[in-house]
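Here's the structure we're looking at; comments come further down.
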Amino acid sequence: MIRKFIPSFIERPIDNLRTYINFVNDFLLFKKKSKENSRFEITWKNRNPQLFDKTGNTSFDIHYTYHPAWAARIIEKTKPAKHIDISSTLNFSAIVSAFIPVEFYDYRPANIVLNNLTSKKADLTSLPFWSWALW
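Taking the numbering used here, the leading residue of the sequence shown gets 78, the next gets one more, and so forth.
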């Protein structure tokens, strides 16, 4: 893991050292505060530092954000009894399954266990149901 940060530290050593020190301080403060609620074990070995993620705005992938947002609004508007999802995003299907039953089809089915969500293998060129059955 440290190898991936070495080039960055060489380019701007003072700034990056300051960033790392801030991370360590944040970690120690978080660990101290977490003792009030022992829901999770906070250990140094379980850390996943995102040292260069302290930005003013959250970046996002336009396609993978707007597409599920659009689809969720359509589902809310049409209120189907069930949603059939063919190779969309598993995250979307998992969230929608909190409200309606979802069948998620993909060439590689997901090994996921959630109420209202089933994941099955399907090839887009040979779906396990008649195409017009979805209308």
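All residues carry an ideal CB built from backbone N, CA and C; glycine is no exception.
Asked                                                                                          : Found
Stretch pair the segment 143-150 + the segment 165-175: three plus CB contacts closer than 8 Å : yes
Residue 135 versus residue 170 - alpha carbon distance                                         : 23 Å
Three-state secondary structure assigned by DSSP to residue 197                                : strand
Residue 101: first and last residue of the uninterrupted alpha helix (DSSP H) it sits in       : 90-111
Residue 160 Cβ short of 8 Å to the ligand SAM heavy atom set                                   : Of the ligands one can find in the structure shown there are none, so the ligand SAM has no counterpart to examine.
Helix, strand or coil at residue 170 [DSSP, three-state]                                       : helix
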